[in-house]
Amino acid sequence: MINLIYLTVLLPLIGFLFNGLFGSKIKNEKVIGIIGSSTVGIAFLVTLLAFLETLNLPVENRSNTVELFTWLNVAGLNIKFAYLVDQLSLTMSLIVTGVGFLIHVYSIGYMHGDKGFWRFFSYLNLFIFAMMNLVLGDNFVVLFLGWEGVGLCSYLLIGFWYDRKFEKGTVPEAAKKAFVVNRIGDFGFLLGMFLIYYTFDSLNFSEVFNKAASFPVSEATFGMIAIFLFIGATGKSAQIPLFVWLPDAMAGPTPVSALIHAATMVTAGVYMVSRAAIIFVSAPTVMMVVAVIGLLTALMAATIGLVQNDIKKVLAYSTVSQLGYMFLAAGVGAFSASIFHVMTHAFFKALLFLGAGSVIHGMHNEQNIQRYGGLKKYMPRTYATFFVATLAITGIPGLSGFFSKDEILWYSYANGGFIFWFIGVLTAMMTAFYMFRLLSLTFYGKERFDHHHVHPHESSSVMTVPLIILAVLSVIGGYIGIPEVFSGEHGNQFHNWLEPVYAPAIAKLKTFGSHTHLEEILLMVVSVALALSAIHFAIKVYTKKPSIAENIAGRFKSIYNLLLNKYFVDEIYEAAIIQPIQKGSEKVLWKFTDNIIIDGAVNGVAKLIDTGSGFIRKIQNGVAQFYALIMMVGIAVVLLWVILTL
Amino acid sequence: MEQNLLLTYLLFTPIVGSVLVLFFKKEQIKIVRWFGLFISLVAFIISLLVYFNFDSTKSEFQFIHQVIWISSLNVSYNVGVDGISLLLVLLTTFLTPLTFLSTWNSIEKNIKMFTFSMLFLEAGMLGVFISLDIFLFYIFWEAMLIPMYFIIGIWGGEKRIYASIKFFIYTMVGSLLMLVAIIWLAVYASDITGKFTTNLLELYKVGPTIPHQIQEWMFGAFFLSFAIKVPLFPLHTWLPDAHVEAPTAGSVILAGVLLKMGTYGILRYCLPLFPQSAINFAPLISVLAIIGIIYGALVSMVQTDMKKLVAYSSVSHLGFVVLGTFAMTVEAVQGAVIQMINHGLSTGALFLLVGMIYERTHRRDIAYYGGIARIVPLYSVALMIASLSSVGLPGLNGFIGEFLILLGTFKSPVLNSWWYTAFAATGVIFAAVYLLWMYQRVVFGEVKNPELQKQLTDLTTREYIVLIPIFIFIVWIGIYPGTFLDLTDLSTKSILQQVSTFTFDLFK
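Chains as they are written, first to last, in our numbering: chain Y, 1 to 646; chain H, 1001 to 1508.
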């Protein structure tokens, strides 16, 4: 099955072409939905079989390349369309196709009746196609093909309802913002690739990474490459300073938010950093930058999440925050922990978004959590699964989120230092608070919606079954990565599986200090205790005494407004970057430089010649007497000159 | 030497065709249209024969046909192709029939004269690409101005006279200096080798031996002429006017092929004839190219007229081609050549699409539109594909060119600094801004003008026939560019070989 891995790319492509070309004529939602979902479902099965096959191979043979054809062959540059099937790409592929399949199925219910049903499924398939190229590509260029491809799909799907309004602007504006901000990141990625090619004379993963491990390349060069690649990652994975597009991406249909803007695409940056681990660990300064940016993003997004009222906005900022954790992990050298969190986060965050979608569906497209309340009894299955996901993201022991988040916190303490751990735990507390605020305002307490117009109802089973499956995964998903403290001699299974991919990088990383198990358990207890207290507080405030929340908001009005308006980052960017460029281009470049200076010069020369000729023309007036006069004057002048010079 | 007449047949097909058009009656509009299309298709088929018989494992010129023309001056009719010119010949013969199809209904006025001009133009463009005699080249270079002048001046928009004169004068200024340089070069050759010659292959041996100071003037005279045609910043202001006023067919040919004559000229004449000066001027010209990339994109962003927006985007895209050419690495020059083709396809498609919608509404201002996705979904898809190709999305053609150019520029020993690439790559961001912004304002949103409902109809079969061949190549180059890159591989290398042989000392 490893050799057939290209099917996981090809099938979604066929699905895209089929639904894209014939979807509008088929009109039958069942046919479209089944074709769209089954291509991804089969891709998942192929990936699963390839995974099992790889698992049976001895560790040293677990990295295989499947070559298709030569893409670009110019001078020294030889880029093949080839897929790398190894532990890391298989893990990512399983997440993408597995979670992707569930979301496809869910969409059959969620998008029911939409005019663009066929369009939606063809875009979703195109997304899976691009995403699989991204995770499977065996060189930077194929990765980049997928990287830009998922960006395009994100653009198309955010702008899916292209004639609707979104917040202060329109849906297409949100879509364009996503694409352009991503392109800023891609600019960095491109430069990173060029510098890699310049330094290592190749863009192929195995060649570049082997050379990176053995070549005497300066730390400064590694630093430049790593920082450029990281700029790319901040775009795709919504980190400071390029995170602004993700909250707006919520303009897209909710399954899109779940698939692209939570579970898969936004983790592409994390994947890329972890794929290029050897380059990053060779530049310790950049590693520090990655960790700090991750940490700050996690903290900042969590603070914004505390006060948002749109159910999808809360989840969006939560995603930004969780992605920050993943970069924190990568930055302190815990690459497998970051991928572990990618996986568990895919489960519970996809579940949260799909649950939110189910709520929005049942509440007639209302997204403001202040107008929910008491929905538990109307939507029992949605509630139960949402509850599980909330526990998982909060890091309640025994659920998947606990294992992955705890591992990140532990490594940030062990490799980063106390302050890293402390901010990480602070963020975890806030996460617990805003998630339970969301849960309470939605499912508990008083019913705050208008009963005449809104009749909450549970969604159909095509939507709830994927929720249940994801809920199960959110619970058990963490057990493949039980930390060494508990699992004893076998160690962390997930870590062992991925370890060969990172072995050269880890060998270069020397910052691992030695710490006792007691320390680890102690920190774990502290973080869990803090999260529990935050939960307790949130439930108390938002189900029993909402007045407390209002009081606090009233007393710290300026801070509250700052958070509610997301630190005014969008406004600052608009005023400091977008407006000057736009106004400058229009007023200075076009209307002044082009129209006045350059055209002025061109037309001025023409004018000059025109007037000059007009003047000379007057001499040619056709009057014989005038010519005779001029001739006489000429002769006189010549004579005079001859006489004078004699 | 063995003569091969295939290129001569190719060149004379549109010439003979254009003369024959004159014998039709004015009323036979339909027949004239079909005849024009037929002739351009014959030319396309002949160019395909050239392609299939071309041997890409040889670096020298092929299909050479040489006949002494003016024996006293040693001027000959001398044509031949290498991979680069062949690719541009194919682009020309491929686009011409499509432009005939695209104007099927829109051009009513004096169709006879129009068909004559288009065929004459095709012959001129083919002549420029296949000439191996610098005198012959100059004749085609100038001859081609005339039909273009008429196409803009007769079938153009409101300000067509201003635009056509501006176009004419701009290009004439450059050409005159080139003529002086050509004569000087031929005279110099007679001093050195003892015989007056305009044979390009002979001049390749002579040019690099010109004393540096004079060579720089020669380079400048040639380059100015080409730079105006490209157009390179700050010589670009004729382009937006010419594009906006020209009819769709004119814009497509102008953007698709005519501009490439500038970049082709640089590659075929400036670099191999005056290698030392080319290297000396490379940093300066690259800076201008990069200014063009960013400037063109920024100005394009704030346009309110769709056609002008696409026109300014050409300034940006061709900046990439010039940059790649002067980076003088195999990757960059290969990228520049493929980018010439890419620009012809994607900008050609954009002009065609703008033209199609203009035919229906007679409006080009972006503000008039909005929400047309609901009314003309298939048109919207086509516009999306063309825009994405222009944006340089991987998997489509634009990416291949830009990627190779930027990559090759990065490692260029001539420019020797990666700031060039860093600045040029910002064009990647801006391209997304101006095209997607236009797309958003035209296609997305709610239907703004109720009139649009009545005016707009989706693509017709004829329009499909025009667009689909272009889209096939947009995807083909994006996924399997080898077909085209292999063709130009050796030709590129031999130009760079010529440059490096004579400038070896400069690199030390």
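Every residue gets a Cβ at the ideal spot worked out from N, C-alpha and C, and that includes glycine.
Counting contacts by CB-CB distance shorter than 8 angstroms, is Y/Y197 in contact with chain H? Translated into the one-based positions of the first sequence, residue 197 of chain Y becomes position 197. Taking Cβ atoms only, chain H reaches closer than 8 angstroms to Y/Y197, which makes this a yes.
Am I right that Y/L498 and Y/L88 are in contact with their C-beta atoms under 8 angstroms? What's the rounded C-beta distance? Walking along the first sequence from the start, residue 498 of chain Y turns up at place 498. Walking along the first sequence from the start, residue 88 of chain Y turns up at place 88. Contact holds; Cβ gap of about 6 angstroms.
Grouping DSSP H, G and I as helix and E and B as strand, with all else coil, what is Y/T70? By 1-based counting over the first sequence, the position of residue 70 of chain Y is 70. Y/T70: strand per DSSP, three-state reduction.
So who's on the other strand from Y/A82, going by DSSP bridges? For the purposes of this step, residue 82 of chain Y is taken as the residue at position 82 of the first sequence. Per DSSP, the beta-bridge partners of Y/A82 are Y/E67.
Option nearest H/L1121 by Cα separation, candidates H/E1158, H/V1050 and H/F1012: Taking the first residue of the second sequence as 1, we reach residue 1121 of chain H at position 121. It is H/F1012 whose Cα lies nearest to the Cα of H/L1121.
Give the secondary structure of Y/S514 by DSSP, where H, G and I count as helix, E and B as strand, and everything else as coil. Residue mapping note: residue 514 of chain Y aligns to position 514 of the first sequence, counting from 1. Residue state, collapsed to three classes: coil.
For Y/S122, which of Y/G491, Y/L68, Y/I619 and Y/G20 has the nearest alpha-carbon? Position 122 of the first sequence holds residue 122 of chain Y. Comparing Cα-Cα distances from Y/S122 to each of Y/G491, Y/L68, Y/I619 and Y/G20, the minimum goes to Y/G20.
Under 6 angstroms Cβ to Cβ from H/A1332, same chain only, skipping five residues before and after it: list those, please. Within the second sequence, numbered from 1, the residue matching residue 1332 of chain H stands at position 332. So the qualifying residues of the chain are G1324, I1405, G1408 and T1409.
Would you mind stating whether Y/F386 and Y/G417 have Cβ atoms separated by less than 8 angstroms? As a first step, residue 386 of chain Y is located in the first sequence; it is residue number 386 there, counting from the start. As a first step, residue 417 of chain Y is located in the first sequence; it is residue number 417 there, counting from the start. Contact: no.
Along the alpha helix (DSSP H) that carries Y/F403, what are the first and last residues, could you check? For the purposes of this step, residue 403 of chain Y is taken as the residue at position 403 of the first sequence. Membership of Y/F403 in the alpha helix (DSSP H) is indicated by the continuous run S400 to Y411.
Taking the continuous beta strand (DSSP E) assigned at H/F1063, which residues delimit it? Numbered from its first residue, the second sequence carries residue 1063 of chain H at position 63. Segment Q1062 to I1070, the beta strand (DSSP E) holding H/F1063.
What residues from chain H crowd round Y/Y110, counting only those whose CB sits closer than 8 angstroms? To locate residue 110 of chain Y, count along the first sequence from 1; it is residue 110. Within 8 angstroms Cβ-Cβ: nothing; Y/Y110 doesn't reach chain H, min ~22 angstroms.
When you check each C-beta in the segment 1285 to 1297 of chain H against every C-beta of chain Y, which residues fall closer than 8 angstroms? Only Y1295 from the segment 1285 to 1297 of chain H bring a Cβ to less than 8 angstroms from some Cβ of chain Y.
What residues are listed by DSSP as bridge partners for H/V1079? The sequence position of residue 1079 of chain H within the second sequence is 79, counting from 1. Partner(s): H/H1065 and H/S1131.
Using a Cβ-Cβ cut-off of 8 angstroms, state whether H/P1413 counts as contacting chain Y. Residue mapping note: residue 1413 of chain H aligns to position 413 of the second sequence, counting from 1. It does not: the Cβ of H/P1413 has no partner Cβ on chain Y nearer than 8 angstroms.
Once you ignore the five residues that flank H/Q1303 on each side, which residues in its own chain have a CB closer than 7 angstroms to its CB? By one-based count along the second sequence, residue 1303 of chain H stands at place 303. Here the set comprises L1309 and Y1312.
Output the boundary residues of the alpha helix (DSSP H) element that contains Y/G648. Nothing in the structure corresponds to residue 648 of chain Y, since chain Y is present only between 1 and 646.
Indicate whether the contact test is met: 3 or more Cβ pairs, each with one atom in the segment 1162 to 1176 of chain H and one in the segment 1099 to 1114 of chain H, closer than 8 angstroms. no
How many whole angstroms separate the CB atoms of Y/F243 and Y/V320, which I take to be in contact at a CB cut-off of 8 angstroms? For the purposes of this step, residue 243 of chain Y is taken as the residue at position 243 of the first sequence. For the purposes of this step, residue 320 of chain Y is taken as the residue at position 320 of the first sequence. Indeed, because the Cβ distance is near 5 angstroms, the residues count as touching under 8 angstroms.
Neighbour-count burial assignment, Y/S37, 16 or more Cβ in a 10 Å radius: In the first sequence, residue 37 of chain Y corresponds to position 37, counting from 1. It counts as buried.
When you check each C-beta in the segment 176 to 201 of chain Y against every C-beta of chain H, which residues fall closer than 8 angstroms? K176, F179, V180, R183, I184, D186, F187, L190, L191, M193, F194, L195, Y197 and Y198
Between which residues of its own chain and Y/L473 is the CB-CB distance below 6 angstroms, once the five residues before and five after are set aside? Taking the first residue of the first sequence as position 1, residue 473 of chain Y is located at position 473. Excluding residues within five positions, the ones whose Cβ falls inside 6 angstroms are F347.
How about H/V1499: is its C-beta nearer than 8 angstroms to some C-beta of chain Y? Counting from one through the second sequence, the residue named residue 1499 of chain H turns up at place 499. Not closer than 8 angstroms to any Cβ of chain Y, the Cβ of H/V1499 fails to qualify, so no.
Assess, as a yes-or-no matter, whether the segment 465 to 481 of chain Y is touched by the segment 94 to 108 of chain Y under the definition of 3 or more beta carbon pairs within less than 8 angstroms. Contact between the segment 94 to 108 of chain Y and the segment 465 to 481 of chain Y is present: 3 or more CB-CB pairs across the two stretches fall below 8 angstroms.
Decide yes or no for the touch test of the segment 80 to 87 of chain Y against the segment 60 to 70 of chain Y: beta carbon pairs closer than 8 angstroms, at least 3 of them. yes
Would you check if the distance between the CB atom of H/I1253 and the CB atom of H/I1338 is smaller than 8 angstroms? Taking the first residue of the second sequence as position 1, residue 1253 of chain H is located at position 253. Taking the first residue of the second sequence as position 1, residue 1338 of chain H is located at position 338. No, they are not a contact pair.
Considering Y/E60, what are the terminal residues of the alpha helix (DSSP H) in which it resides? Translated into the one-based positions of the first sequence, residue 60 of chain Y becomes position 60. Membership of Y/E60 in any alpha helix (DSSP H) is not indicated, and neither H nor E is assigned to it by DSSP.
From the DSSP output, which residues share a beta bridge with Y/T170? As a position in the first sequence, residue 170 of chain Y is number 170, starting the count at 1. Among the bridge pairs identified by DSSP, Y/T170 is matched with Y/K165.
Note down the Cα distance separating Y/T39 from H/F1094, rounded to an integer number of angstroms. Residue mapping note: residue 39 of chain Y aligns to position 39 of the first sequence, counting from 1. Residue mapping note: residue 1094 of chain H aligns to position 94 of the second sequence, counting from 1. C-alpha separation (whole angstroms): 37 angstroms.
Using 8 angstroms as the Cβ pair cut-off and three pairs as the minimum, do the segment 287 to 297 of chain Y and the segment 244 to 260 of chain Y touch? no
Through-space distance from H/L1007 to H/I1151, alpha-carbon basis: As a working note, residue 1151 of chain H is residue 151 in the second sequence. As a working note, residue 1007 of chain H is residue 7 in the second sequence. Near 26 angstroms, if we compare the C-alpha coordinates of H/L1007 and H/I1151.
Of all the CB atoms in chain Y, is at least one closer than 8 angstroms to the CB of H/D1082? In the second sequence, the residue the question calls residue 1082 of chain H occupies position 82. False, the Cβ-Cβ gap to chain Y never drops below 8 angstroms.
For Y/V266 and Y/S237, which I take to be in contact (beta-carbon distance under 8 angstroms), what is that distance rounded to the nearest angstrom? As a first step, residue 266 of chain Y is located in the first sequence; it is residue number 266 there, counting from the start. As a first step, residue 237 of chain Y is located in the first sequence; it is residue number 237 there, counting from the start. Indeed, because the Cβ distance is near 5 angstroms, the residues count as touching under 8 angstroms.
Could you name the residues of the same chain whose beta carbon sits closer than 7 angstroms to that of Y/I35, not counting the 5 residues immediately before and after it, in chain order? Here residue 35 of chain Y is taken as the residue at index 35 of the first sequence, counted from 1. These residues qualify, in order along the chain: G15, F18 and N19.
Compute the Euclidean distance between the alpha carbons of H/K1508 and Y/F215, then round it to the nearest angstrom. In the second sequence, counting from the first residue as 1, residue 1508 of chain H sits at position 508. In the first sequence, counting from the first residue as 1, residue 215 of chain Y sits at position 215. Annotation note: pLDDT 42 at H/K1508 (below 50); position unreliable, coordinate value reported separately. For H/K1508 and Y/F215, the distance between alpha carbons rounds to 27 angstroms.
Going by beta carbon distance, what residues of the same chain come within less than 6 angstroms of Y/A298, once the five residues before and after it are set aside? Along the first sequence, read from residue 1 onward, the residue named residue 298 of chain Y stands at position 298. Excluding residues within five positions, the ones whose Cβ falls inside 6 angstroms are S321, G324, Y325 and T427.
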